[in-house]
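Have a look at the structure below, then the notes.
Protein chains: 4
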Amino acid sequence: MSAPATDDQADTGRLEAFSDGVFAIAITLLVLELRVPGGDGSLWHKLIHEWPQFAAYLSSFAVIGIMWVNHHSMFRAIVRTDRPLLFLNLLLLLWMSLLPFPTSLVSRYLGGGGPDASVAEAVYSANLALAAIAFSLIWVRAVRGGRLIAAPLGAAAERSSLLRFSVGTFIYAATIGLAFLSAPLALGVQAALALYYGFEQVSA
Amino acid sequence: MSAPATDDQADTGRLEAFSDGVFAIAITLLVLELRVPGGDGSLWHKLIHEWPQFAAYLSSFAVIGIMWVNHHSMFRAIVRTDRPLLFLNLLLLLWMSLLPFPTSLVSRYLGGGGPDASVAEAVYSANLALAAIAFSLIWVRAVRGGRLIAAPLGAAAERSSLLRFSVGTFIYAATIGLAFLSAPLALGVQAALALYYGFEQVSA
Amino acid sequence: MSAPATDDQADTGRLEAFSDGVFAIAITLLVLELRVPGGDGSLWHKLIHEWPQFAAYLSSFAVIGIMWVNHHSMFRAIVRTDRPLLFLNLLLLLWMSLLPFPTSLVSRYLGGGGPDASVAEAVYSANLALAAIAFSLIWVRAVRGGRLIAAPLGAAAERSSLLRFSVGTFIYAATIGLAFLSAPLALGVQAALALYYGFEQVSA
Amino acid sequence: MSAPATDDQADTGRLEAFSDGVFAIAITLLVLELRVPGGDGSLWHKLIHEWPQFAAYLSSFAVIGIMWVNHHSMFRAIVRTDRPLLFLNLLLLLWMSLLPFPTSLVSRYLGGGGPDASVAEAVYSANLALAAIAFSLIWVRAVRGGRLIAAPLGAAAERSSLLRFSVGTFIYAATIGLAFLSAPLALGVQAALALYYGFEQVSA
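Protein chains in written order, with the working numbering: chain A, 1 to 204; chain B, 205 to 408; chain C, 409 to 612; chain D, 613 to 816.
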């Protein structure tokens, strides 16, 4: 049985509308980081030379898009909000709307290799890990004791959904270190994890 | 008879809200590609000299606007979503939100002519063709077997609506090649096709 | 008696959502045209020296804000859409989302005076006049024969509401010419007209 | 007893949608002010050297996010709009969407210290104070005589809620002066106040 709504609780309509707005804007602003290449040579060669900015664009588009899909799934289960949930959701939106910045770091520094490529990719990884943590915190806040969901999950389902979040968070955190071994490999692991999240999800 | 909704299916409200957001932002961000002309000479002459950026702006505004109108029509027929539809819709949104980038390539290179104008226009054409393909995939996913629509179309109507999509996709794909014969002509064909889509549409 | 809804007609929900998005983005993107002043001297003096960009920002914010308020009022009366209305609304959104461009022309050229200030202000005026025309066309499409409104206005109310639109359009058009006599005066007339529209409106 | 709705009054749906849009865009545009550092040295050192832009980003994200949360709370109590409320809300949105500009002033000038750091921080403080004033005006308009709320607050609750707004406005106004004593201290006070508003709010 779910906990009864209190005065402090509200339905999730405006939270979802605001979140949809931030996700939609962050995913669309990524295009502003794509620069029309300058310099000499044919346009075709310059575009090919700029492959890291397109790889970073696609990766971030996939991450934000899939996080939106999962936010959508999660808020089919979450039926009420309270003030802590609003702030945890803001924390998630902070990392989502910050993502274009490390994306542009990766765009600019990945192609050059060396320590700067690793730092850029590590900052990008840290941003993803922080987003995954915020996602977990939202879920914990909502499901504990069936506080903000329509029907409590049961102890086993709760543990298994939290475990799945923890694994994702751990992998993103591990790519921070991996970036110093191989920045392109770390980006590849993140792309693979995005695809995994695309096919697996919180059951709602 | 339409297929019954499964656990994995949801209504289309948040998909439409998120898509409206991305369409609205992509169409409005186009203005950021318009540069205030620098250099010598009167402002009036500099603005006229910059005609390619205004032509590209209008063309992309028309394309995104009309795709929004048709998305709107299509989702009057589509009444449920499932996970594959969410991802196919994300694919469409990817091409919509990327469009400001090839638009700025066309703005900068069309006026100069030569191979760079053709490459810029071909990249722009490829973006449009990929968007048309994503549109078709959404429609196929939704109508096959009446999976996600209120009332199945019937075999004849299904074939005719898919044919219309295929023609559009084929023409956009053909403008990729046409761009190497004449970049301005390819842009003109795309503008004409946008107008055609403005008057003809998925019957919903 | 209003005309019965046809197959081609739909409710106004998504049109309003998409329009709200474009208005909200256009009004917020204006801030990106504000440049942090470079060069020598104290920050305070540089900010004061940049007054034209703040005047243009405030003017465009007021225009878009008030047009949103009136769009809101208008769509309390309009209860159905059809395909022509969707396109006329897109036309209005075109001029709304283009506005940051002439705003930045005014920001950059008004302070310098001379013919370039007049051209910048005339382009700005033309944008406003075209938006006012699009607004009138939406209203004509909706009210003629009570086509898309809940209750027809009656011939007298219809004429008087159209007259009010025509006056606004005429004044904006007149500021195109006025810009060549005095660009700051034309901007002042537009600010005054925005205030007038703020207090007077379509009765709904 | 609340006042009966008049013809001029409407429900708050589109006001909330438009406001959500502007809040969401303003909070997400902040990222565009973050510049990838140029110049020599390792990327890591350059990022650390750029701490003022990250402090300003976080501060503005917190301010806009918390103002959105409180707008959300406030419009759970406010159930009707009228034309003055629409304009007071536009005034609030003006200050919200302007905030990225003083944020970029602080980003650029806070690190250098001296009078320019104080001017940048004072402009930022003035923007926050003006937003707080607009917030109070919305609240006054809505609660006086129970005009636009579901159930009047009672004289005591009305006074106490207004007092809380006044205190916030006064503190923001005081940081304008404080900026000339110590710009970083003023920024710290604003961050503390944002946290306070995060935990305390209009009871709705």
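Ideal Cβ placement from N, Cα and C applies to all residues, glycine included. If you're wondering where the values come from, they're calculated on a predicted model, not measured in any experiment.
Checklist entry - Between the segment 721-730 of chain D and the segment 761-774 of chain D, do at least 3 Cβ pairs fall closer than 8 Å? => result no
Next on the checklist: One question on the structure: do Y784 (chain D) and S737 (chain D) come within less than 8 Å of each other, judged by their Cβ atoms?
Outcome noted: yes
Checklist entry - Residue ranges of each alpha helix (DSSP H) run of no fewer than 4 residues wholly in the segment 107-161 of chain A, ordered along the chain? => result 114-143
Checklist entry - At a Cβ cut of 8 Å, what residues of the segment 265-285 of chain B count as close to chain A, listed as they run along the chain? => result none
Checklist entry - Helix, strand or coil: which one does DSSP assign to T781 (chain D)? => result helix
Next on the checklist: For A617 (chain D), would you say it is in contact with chain C, using Cβ-to-Cβ distances shorter than 8 Å as the test?
Outcome noted: At A617 (chain D) the pLDDT is 41, less than 50, meaning the model places this residue with poor confidence; the figure from the coordinates comes in the next sentence. Taking Cβ atoms only, chain C never reaches closer than 8 Å to A617 (chain D), which makes this a no.
Next on the checklist: If you reduce the DSSP assignment to three classes, tell me which class T285 (chain B) lands in.
Outcome noted: strand
Checklist entry - Are the beta-carbon atoms of A131 (chain A) and A179 (chain A) separated by less than 8 Å? => result no
Item to check | Contact with chain B by I149 (chain A), beta-carbon distance below 8 Å | outcome: no
Checklist entry - G39 (chain A) to V643 (chain D), Cα distance in whole Å? => result 27 Å
Checklist entry - The alpha helix (DSSP H) with E441 (chain C) in it runs from where to where? => result Run containing E441 (chain C): none; DSSP gives neither H nor E here.
Item to check | Listed by chain order, chain C residues near L295 (chain B) by CB distance under 8 Å | outcome: Chain C residues near L295 (chain B): none, gap ~20 Å exceeds 8 Å.
Checklist entry - Should F265 (chain B) and I231 (chain B) be called a contact, given that it needs their Cβ atoms to be closer than 8 Å? => result yes
Checklist entry - I337 (chain B) CB to nearest chain C CB: under 8 Å? => result no
Checklist entry - Rounded C-beta distance between G544 (chain C) and F573 (chain C)? I'm assuming under 8 Å. => result Checking the sequence, you will find Ser at residue 544 (chain C) rather than Gly. Yes, they are in contact, since the Cβ atoms of S544 (chain C) and F573 (chain C) sit about 4 Å apart, within 8 Å.
Checklist entry - In chain order, which beta strand (DSSP E) runs of at least 3 residues are fully inside the segment 665-691 of chain D? => result none
Next on the checklist: When you compare the CB of A587 (chain C) with every CB in chain B, is at least one pair closer than 8 Å?
Outcome noted: no
Item to check | Partner residues on chain D for L442 (chain C), Cβ-Cβ distance less than 7 Å | outcome: F713
Checklist entry - In terms of residue numbering, what span does the alpha helix (DSSP H) encompassing G429 (chain C) cover? => result G421 to L437
Item to check | Span of the alpha helix (DSSP H) around L659 (chain D) | outcome: L655 to H661
Checklist entry - Is any beta-carbon of chain A found at less than 8 Å from that of V406 (chain B)? => result Because V406 (chain B) carries a pLDDT of 39, less than 50, the predicted location of this residue cannot be relied on, and the following value inherits that uncertainty. No, its Cβ sits nowhere closer than 8 Å to a Cβ of chain A.
Item to check | the segment 662-670 of chain D touching the segment 593-606 of chain C, judged by at least three CB pairs closer than 8 Å | outcome: no
Item to check | G651 (chain D) (DSSP reduced to helix, strand or coil) | outcome: coil
Checklist entry - Going straight from the alpha carbon of P592 (chain C) to that of G245 (chain B), what length do you get? => result 22 Å
Checklist entry - Does any residue of chain D bring its CB to less than 8 Å from the CB of S125 (chain A)? => result no
Item to check | Where F374 (chain B) falls, given that 16 or more other Cβ within 10 Å makes a residue buried | outcome: exposed
Item to check | DSSP three-state assignment for H309 (chain B), whether helix, strand or coil | outcome: With the sequence shown as reference, residue 309 (chain B) is identified as Leu, and His is not the correct amino acid for it. In the structure shown, L309 (chain B) sits in a helix (DSSP, three-state: H, G or I).
Checklist entry - CB A629 (chain D) to CB D419 (chain C), shorter than 8 Å? => result no
Checklist entry - Who are the near neighbours of R455 (chain C) in its chain, counting only those whose CB is closer than 7 Å to its CB and skipping five residues on each side? => result As written in the sequence, residue 455 (chain C) is Leu, which differs from the Arg given in the question. Once the five neighbours on either side are set aside, the close Cβ partners of L455 (chain C) are P445.
Checklist entry - Which term fits R692 (chain D), buried or exposed, when burial requires 16 or more other beta carbons within 10 angstroms of its beta carbon? => result buried
Item to check | Coil, strand or helix - L99 (chain A) by DSSP | outcome: coil
Next on the checklist: Looking only at its chain, what residues have a beta carbon closer than 6 Å to the beta carbon of A276 (chain B), apart from the 5 residues adjacent to it on each side?
Outcome noted: Checking the displayed sequence, the identity of residue 276 (chain B) turns out to be His instead of Ala. Around H276 (chain B): no qualifying Cβ.
Checklist entry - Does the distance from the CB of L704 (chain D) to the CB of V477 (chain C) come in under 8 Å? => result no
Checklist entry - Can you list the residues of chain C that S709 (chain D) reaches, using a CB-CB cut of under 7 Å? => result I435, T436 and V439
Item to check | Best match in A:R35, A:L15 and A:S104 for proximity to R83 (chain A) [C-alpha to C-alpha] | outcome: A:L15
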